[in-house]
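2 protein chains.
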Amino acid sequence: MTPIHANPDHLQAFAAALFTQAGLPAHDAAFCAECLVTTNLWGIDSHGVLRLPLYVRRVRSGAVNPRPNIRQAAGGRALQVLDGDHGMGFVVGRAAMARAIELAGQFGVAAVGVVRSNHFGAAALYARMAAAQERIGIVMSNVIPNMVAPGGARPVAGNNPIAIAVPTFGEFPFVLDISLSNVAGGKLLLASQKGEKIPLDWATDRQGRPTDDPDEGFKGFLLPVGGHKGLGLSYVVDILSGVITGGVFQQQIKSMYKQPDEPSLTGHFMIVLDPLALMSRDELAERMQQFVAAIHSSPMWDEKMEMLLPGELEHRRAQERRVTGIPLPASLVQDLRALADELDVNPITNLQ
Amino acid sequence: MTPIHANPDHLQAFAAALFTQAGLPAHDAAFCAECLVTTNLWGIDSHGVLRLPLYVRRVRSGAVNPRPNIRQAAGGRALQVLDGDHGMGFVVGRAAMARAIELAGQFGVAAVGVVRSNHFGAAALYARMAAAQERIGIVMSNVIPNMVAPGGARPVAGNNPIAIAVPTFGEFPFVLDISLSNVAGGKLLLASQKGEKIPLDWATDRQGRPTDDPDEGFKGFLLPVGGHKGLGLSYVVDILSGVITGGVFQQQIKSMYKQPDEPSLTGHFMIVLDPLALMSRDELAERMQQFVAAIHSSPMWDEKMEMLLPGELEHRRAQERRVTGIPLPASLVQDLRALADELDVNPITNLQ
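Here is the structure:
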């Protein structure tokens, strides 16, 4: 198979068919497919359809519950915890954000924790839901520890993602989506392929010692962004997502890569603020536009670079990829075709 | 004058006398003095009595209102904004955190923004108030832009502080208090004194170009921690503290160093969560102790280092300094004595 540029709509229909065949209700299958393809449109291919085979495998093995009974597990008023019942992270995450948005409308601010969920893809997916409702969304999730503290020999915290979205009342929302390691594992692989050394603050070997060898680093652990700063924030994400929710934290979390056939027990935590409880829509829009304009108009010394708002690059890529299609490497096309055969879904002859 | 080790109680009484003489009500003067000396006890001398002369000057010049009428300016239910009426940041910050703690008790989570405040010292002061009430406190504040984006020629964001405190039900709370630059200006001065070069991700010259010269860097701007990660978080702090509150943001904020005789118009934003709305005190205590123990017991490859919880170093230093006293450099003692003379406060003969 050769690499192709897939039509986003066709790719989404294909992914939805796979999820449906795996056992998800049609509307949840469509939503999960939309999440993956949307993430590809933003250019975040690591969190897009690349993971489709793994998600489908996890549903088929029973690790992920295709028809979860998502229900309130604790709390009340503006602070609640939902039990995800081992559902798809996308479906559980959507339910939690919907609840948080609803409660923020009622109370001005709301926080919803989640227990017994699974990998929910890009955290920005949920933060953006809040921004689409003219609210501010803060979304985080815990992952199994993969970062060591300076001097430490074992991982103590995950490179937990945090996403924050704010409505700008412009062409696209402000969307920050970061993980708390200095870099992701993909950068180590890339350095290895290029035969380059890596900076000493990227990764460690299996003993926790900083290394400039990308292969050692890939076998070892990541280092937190900003040393104790990223490490401390990562602890906070784990405390909010796993400790106070009654969920699991630290080594109790499972990895969907290393334990693909077990529920991951992932925790999430979402905070939503309703800025329209503080001022009129017109005033907020004017102030946000002023904030954005100040960034956009700030001069550069490096004329090859550009002052972009968080989320702006994703907005541009999505515009491009809606026209050019989503690039899929040959190996992925092959995997998807094999999966389609296995699940008796129409083969992907018509992705382009 | 020679350097001394000041008795914390005496130093606090002295600072309170200065604030009272400058016009603060006695209980507010005592609180501001306690904030500064407590911060010195943690070892954060940059935010301790070193700044006492400047704070006093600002009250005397009228930049800071010694008797503010702090009142609700916007919002309701669990999301409110307070108008700090140009009061001392400590006094305004305490009022905002008290309100947020109260509202979190009522709603489970609460957020309180603040407009027209001033420099409030260490953000941890307020986050710790929440932890002392067995709640989780998240505190941030905007400062005038002093960081450039990669490739940018002008500062677009402040190295805004974020502090997060969580009760551990142990000897000391979990307290993370970070700024969003890679390093603070003090590290540049230190490198300059030692004649050392600085890493290229610490600071830039006046044109925004990364520099390894600490003197150029000190005259120039800071770089955000983790590049776009710290920059994006800094934008978020400014949006929450200054944009949605109806306060000021970006270049509208004043610097208390560069404009010492003007109100700074600083904004704060505080979020408080009540974890006891989600589980019993016993269960939360057990889970937090488990979280802390896992960190403390994690092995080190570097035996000279130790696995510390955020806030643990400050706890140890405070224990030490309660015994040994707070080290004050000779120049500071001289400044404080001059200020005492000027304000007709008993001279600091008895600080030790």
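Read top to bottom, the protein sequences are chains X and E.
Residue numbering for the first sequence follows this note's numbering, starting at 1 and increasing by one per position.
Residue numbering for the second sequence follows this note's numbering, starting at 1 and increasing by one per position.
Glycine included, C-beta positions come from ideal geometry on N, C-alpha and C.
As the structure is a prediction and not an experimental result, all values here were calculated from the model.
Cutting at 7 Å between CB atoms, please list the residues of its own chain near residue i, excluding the five before and the five after it.
| i | result |
| --- | --- |
| Ala153 of chain E | Gln207, Gly208 |
| Glu34 of chain E | Gln12 |
| Gly360 of chain E | Residue 360 of chain E falls outside the range modelled here, since chain E spans only 1 to 352, and no answer is possible. |
| Pro329 of chain X | Pro3 |
| Met307 of chain E | Ile295, His296, Ser298, Met300 |
Establish whether the CB of residue i and some CB of chain X are separated by less than 8 Å.
| i | result |
| --- | --- |
| Lys197 of chain E | no |
| Thr245 of chain E | yes |
| Leu233 of chain E | yes |
| Asp302 of chain E | yes |
| Pro310 of chain E | yes |
| Cys170 of chain E | Note that residue 170 of chain E is Gly in the sequence shown, not Cys. So no, Gly170 of chain E is outside the interface. |
| Asn182 of chain E | yes |
| Gly230 of chain E | yes |
| Pro53 of chain E | no |
| Leu273 of chain E | yes |
| Ser328 of chain E | Before going on, a small fix: residue 328 of chain E reads as Leu here, not Ser. No - not a single Cβ of chain X is within 8 Å of the one on Leu328 of chain E. |
| Gly108 of chain E | yes |
Exposed or buried, which one is residue i when buried takes at least 16 other CB atoms within 10 Å?
| i | result |
| --- | --- |
| Asp3 of chain E | Rather than Asp, the amino acid found at residue 3 of chain E in this sequence is Pro. Result: exposed. |
| Ala132 of chain X | exposed |
| Glu314 of chain E | buried |
| Ser297 of chain X | exposed |
| Gln80 of chain E | buried |
| Pro145 of chain X | buried |
| Leu231 of chain X | buried |
| Leu54 of chain E | exposed |
| Arg58 of chain X | buried |
| Met305 of chain X | exposed |
| Lys254 of chain E | buried |
| Pro229 of chain E | Inspection of the sequence shows that residue 229 of chain E is occupied by Lys rather than by Pro. Buried, since its Cβ has 16 or more Cβ neighbours within 10 Å. |
Considering only residues of the same chain and omitting the five flanking positions on each side of residue i, which have a CB-CB separation below 6 Å?
| i | result |
| --- | --- |
| Cys32 of chain E | Phe19, Met88, Phe90 |
| Phe269 of chain E | Gly113, Met140, Leu240, Ser241 |
| Ala318 of chain X | Leu41, Trp42 |
| Arg99 of chain X | Val112 |
| Met97 of chain X | Tyr126, Met129, Met270 |
Quick one: Cα of residue i to Cα of residue j, how far?
| i | j | result |
| --- | --- | --- |
| Ala285 of chain X | Ala6 of chain E | 51 Å |
| Ala157 of chain X | Leu336 of chain E | 44 Å |
| Thr324 of chain E | Gly311 of chain E | 20 Å |
| Tyr257 of chain X | Ala30 of chain E | 56 Å |
| Gly227 of chain X | Ala149 of chain X | 7 Å |
| Asp302 of chain X | Ala294 of chain X | 18 Å |
| Ala111 of chain E | Leu103 of chain E | 8 Å |
| Gly23 of chain E | Ala16 of chain E | 11 Å |
| Arg77 of chain E | Phe107 of chain X | 6 Å |
| Leu188 of chain E | Leu180 of chain E | 16 Å |
| Ala127 of chain E | Ile136 of chain E | 7 Å |
| Glu216 of chain X | Pro224 of chain E | 28 Å |
| Gln290 of chain X | Gly246 of chain E | 13 Å |
| Glu283 of chain E | Val175 of chain E | 21 Å |
| Gly105 of chain X | Gly75 of chain X | 17 Å |
| Gln251 of chain E | Asn65 of chain E | 22 Å |
| Gly151 of chain X | Val183 of chain E | 20 Å |
| Val237 of chain E | Gly121 of chain X | 25 Å |
| Pro167 of chain X | Met288 of chain X | 8 Å |
| Leu125 of chain X | Gln72 of chain X | 22 Å |
Does the beta carbon of residue i come closer than 8 Å to any beta carbon on chain E?
| i | result |
| --- | --- |
| Leu200 of chain X | no |
| Val143 of chain X | no |
| Ser298 of chain X | yes |
| Gln207 of chain X | yes |
| Gly152 of chain X | yes |
| Phe120 of chain X | no |
| Gln250 of chain X | yes |
| Ile70 of chain X | no |
| Leu190 of chain X | no |
| Met270 of chain X | no |
Between residue i and chain B, is the shortest Cβ-Cβ distance under 8 Å, so that the two count as touching?
| i | result |
| --- | --- |
| Lys219 of chain E | Protein chains X and E are contained in the structure displayed, whereas chain B is not. |
Ordered along the chain, which non-local residues of its own chain (more than five positions away) have a Cβ less than 8 Å from that of residue i?
| i | result |
| --- | --- |
| Asp212 of chain X | Lys197, Ile198, Pro199, Leu200 |
| Val56 of chain X | Leu18, Phe19, Ala22, Leu339, Leu343 |
| Gly186 of chain E | Ser46 |
| Val243 of chain X | Phe249 |
| Arg322 of chain X | Pro8, Leu41 |
key: Residue ranges of each alpha helix (DSSP H) within the region 310-343 of chain E, 4 or longer   = Segments of the alpha helix (DSSP H) lying fully in the region 310-343 of chain E: 312-324, 330-343.
task = For the region 94-170 of chain E, list the alpha helix (DSSP H) runs that are entirely contained and at least 4 residues long, ordered along the chain.
result = Inside the region 94-170 of chain E, DSSP marks whole alpha helix (DSSP H) runs of 4 or more residues at positions 124-132, from first to last along the chain.
message = At 4 residues or longer, what runs of the alpha helix (DSSP H) sit wholly inside the region 6-60 of chain E?
response = You should have 8-22, 26-41.
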